[in-house]
Structures are given as C-alpha cells and as structure tokens.
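Data first, discussion second: the structure below is written as structure tokens.
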Amino acid sequence: MHNKPEGSFISYFSNLVKTNGGINLAQGIPGFQPPEALIGILKDVATSECHQYAPGIGNLQLRSLVEQHYGVDHENLLIVQGATEGLSLVYTYVMTILGGSFVVLSFDPAYESYSRLPGIFGQNFIPFPLVNDEHVDFENLAEVIRQNGVKLVFISSPGNPFGKVWTKSEMDQLLGLSEQLNFFVVFDSVYEELYFSDKPYIPLDRLFEKLFIVSSFSKSLCITGWRVGYVLHHASHAKAIRAVHDYIGLCAPSVMQQALALYLACNHYGAEYMADIRQKVKESFEELKRVLLDLRFTVPEIDGGCFIWAKLPEPFTDGFQFASDLYHAKGVAVIPGEHFSSAKVRWVRLNVARPLEEIILAGARMVEFVGKQ
C-alpha cells in the first residue's frame with residue numbers, strides 16, 4: 110500500500126512525472142504548443158520596454174479586447190494572475206463583505222480550490238451531490254443552503270473533474286436562489302472554449318451583485334504558465350475588489366499581457382486556434398473513453414472540459430491505490446477521485462488535453478495494467 114501524501118494529489122502525481130518521466134494525465138496541463146503567432150509576438154515583446162509593472166487593473170489594450178469579447182463595460186473587468194488568483198481574490202473579497210464565519214458549498218465532486226480555500230480561511234465547506242451524478246435537485250439545494258447558512262457557492266462549467274455543462278435553465282434557477290437566499294455565486298469558466306457540441310452558457314446577462322465570473326487564457330491558448338486570467342463582476346464591486354487585488358496579486362505579468370493583447374487583436378481573438386484545440390481534445394476524449402469503456406470503467410456523459418471522470422471496474426476499489434500502482438507499473442499518472450470527493454474513493458480523473466498519440470499510448474498501457482490484475 111502506497112502512503113498518501115499530504116497536500117494536493119494533483120501536485121503529487123504530476124510531480125512524479127516531472128521528476129521521473131511518464132505520461133501526465135494527472136494535472137490539467139495541455140499537451141499542445143501555444144499558437145506560433147503568439148510565440149513570435151512574445152519574442153518581439155520581450156525585446157521591448159515592457160518589463161515593469163503593468164497597470165493593476167490589467168494591460169489597457171488587453172482589457173479592451175476582453176471587454177469587447179464578452180460585451181461588458183470597463184467597470185466589470187479585472188485582469189489577474191490566472192484563474193487561481195481570481196478564485197482566491199474573489200473569496201478574500203467576499204470575506205471582507207461577509208465578515209466572520211460562513212459556509213461554502215460546491216457540487217460533488219468539487220475542484221480542489223473550492224473545497225480547500227474554505228479550509229485555509231477556517232470556513233466550513235459542504236459538498237452537494239448531484240442526482241445520479243448529473244442533475245441538480247434545486248428543492249433539496251435550497252433547503253441545504255437555508256439550513257446551513259451557505260453564503261458562497263462555487264460552480265464550474267464545463268466542470269472539473271466531472272465535465273458537467275450547466276444549462277441556461279439550471280443557471281437561472283441557481284441565480285434565482287442566490288437572489289432569494291442571499292448568497293454569492295462564483296462561476297468558474299476556464300474551460301469555456303473546450304466544449305464538444307454547443308458553446309456553454311455563461312451568465313453575462315445576469316451579472317448582478319452576487320455573481321462573479323472567473324476565467325483565463327490558460328486552457329484555451331495552452332499557456333497555463335503565463336498566469337493571465339480575469340474576473341468579471343458587477344460594477345458596484347470595481348473599486349473595492351481592485352483594492353484587495355493590489356495587495357494579493359498587484360498585477361498579472363506585463364510581458365505576457367502585452368503579447369496576448371497583440372495576438373488577440375490580430376487573430377480574431379484566437380478563434381481558429383481555439384477551434385483546433387477544441388477538436389483535438391474531443392478526439393482524445395473519445396479515444397480514451399472508448400478504451401476505458403472496453404475495460405469496464407463507468408464513464409458519465411459530458412459535453413466539455415478536458416477531463417474524463419471515471420469509476421473503476423472490478424476488482425479495483427481504491428482510486429489512490431489504483432493511481433499509484435498504475436504509475437509505478439506503467440508510468441501513467443492519473444488523479445484519485447477522493448481528491449475531489451470523499452464519496453468517490455473508487456473514481457479517478459484523467460486529463461485528455463493531450464495529443465492523440467499520447468492518449469493512444471496511455472490507453473494501451475492501461476489495457477496492459479488492467480489485464481494483469
């Protein structure tokens with residue numbers, strides 16, 4: 110039995126690959142190069158006078174492009190150091206509004222930031238299960254929120270680790286509850302460009318005081334190391350949240366912001382590249398899903414994101430043991446489901462934002478591994 114590490118299982122299994130080699134289906138790192146045009150622009154920008162602090166609210170040209178893309182005003186946008194800072198910034202800001210102790214809820218299984226941030230700040234976290242691992246029981250949700258005094262709800266669409274795409278009807282119901290029961294909603298849309306059929310609904314038409322939308326360029330342009338994200342919010346929060354950002358993130362990297370601004374302005378906001386990546390991720394998803402189903406995994410239907418959320422077949426009962434044994438035997442790293450939910454010990458998450466040939470190799474190794482058990 111392998112000893113479980115303290116801290117993030119994502120970091121643990123991903124670092125095994127980074128240190129010892131293998132196939133990294135653990136961390137949500139795209140296996141594709143950024144757009145060639147973007148890299149060319151970055152080289153030019155690196156020789157320019159663009160190496161000091163950017164404006165705290167973000168590169169002004171980049172801000173203008175993001176505002177036009179989403180149809181929002183100047184007072185609705187803040188550029189930050191990736192979506193991770195965006196989530197923690199909003200959380201810290203909401204704490205200044207609420208004060209004292211409050212309860213946070215997200216939908217089970219939940220991405221690590223949603224459950225870990227409350228723990229860091231001494232707040233309580235409630236995982237809310239989906240009906241049949243897919244649908245929301247809104248009557249039950251309302252009751253849980255009332256009984257527990259929930260004041261903040263995290264959601265992601267497409268989701269991570271389970272790629273649920275929230276419909277407009279579902280979002281309208283959730284935001285209606287937010288107004289009725291007086292809680293904040295943090296909508297994480299970092300995978301908004303990674304969808305398989307219809308573009309996910311983002312509630313920009315409902316950008317009221319209780320809603321924050323967090324996203325980034327990390328996944329859509331395969332630049333997770335650049336750390337450029339943004340928060341969309343109601344104009345009433347502009348002054349106060351910017352003040353908190355000044356002391357948490359100050360500004361996103363100046364060179365990266367300038368390169369992004371020039372690239373997006375000249376390339377239709379990256380539409381062609383994003384469409385290509387979207388198709389590659391879909392192909393990799395379908396290939397690995399086929400392999401897992403043949404191996405008797407249970408794979409729920411999803412319509413976006415870059416992960417497969419899968420239940421182990423017999424005789425496997427422990428996701429951490431499976432992930433550890435798989436890596437040490439075949440060099441394929443995946444994430445145990447218990448990292449996202451204490452109720453999902455028999456599940457694993459696999460990143461499919463990788464080249465198809467890598468996915469085929471990982472699938473073959475998994476077939477060999479499972480076949481020997």
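Adding 109 to a residue's 1-based position in the sequence shown gives its number in this note's numbering.
Glycine residues also receive a C-beta, built at the ideal position from the N, C-alpha and C atoms.
Quick one: is residue 250 near chain C, going by C-beta distance under 8 Å?
Among the protein chains of the structure shown there is no chain C, as only one such chain exists.
Quick one: what does DSSP say residue 197 is sitting in, helix, strand or coil?
helix
What's the C-alpha gap between residue 119 and residue 444?
6 Å
For residue 442, three-class secondary structure by DSSP
strand
Who pairs with residue 238 in a beta bridge, going by DSSP?
According to DSSP, residue 238 bridges with 217.
Would DSSP call residue 414 helix, strand or coil?
coil
Quick one: what's residue 121 bridged to in DSSP?
Bridge partners of residue 121: none, in fact.
For residue 211 and residue 317, I'd like the C-alpha separation in whole angstroms.
21 Å
State the beta-bridge partners of residue 297 as determined by DSSP.
265 and 323
Excluding sequence positions up to five away, which residues of its chain have a Cβ less than 7 Å from the Cβ of residue 191?
325, 327, 336, 337 and 338
Mind checking which residues open and close the beta strand (DSSP E) that includes residue 340?
338 to 342
Could you tell me whether the segment 342 to 353 touches the segment 144 to 157, where touching means 3 or more Cβ pairs closer than 8 Å?
no
Expressed to the nearest angstrom, what Euclidean distance is found between the alpha-carbon atoms of residue 481 and residue 441?
15 Å
Who are residue 188's beta bridge partners in DSSP?
339
Could you tell me the alpha carbon to alpha carbon distance between residue 366 and residue 404, rounded to whole angstroms?
44 Å
Just curious, the alpha helix (DSSP H) that residue 250 is in, first and last residue?
247 to 257
Would you call the segment 415 to 434 in contact with the segment 274 to 281, where contact means no fewer than 3 C-beta pairs closer than 8 Å?
no
If you follow the alpha helix (DSSP H) that residue 454 is part of, which residue opens it and which one closes it?
Looking at the DSSP string, residue 454 is not in any alpha helix (DSSP H), and its letter there is neither H nor E.
Residue 304 bridges to which residues according to DSSP?
413
Member of 417, 197 and 255 whose CA lies at the smallest distance from the CA of residue 399:
When only C-alpha atoms are compared, the closest one is 417.
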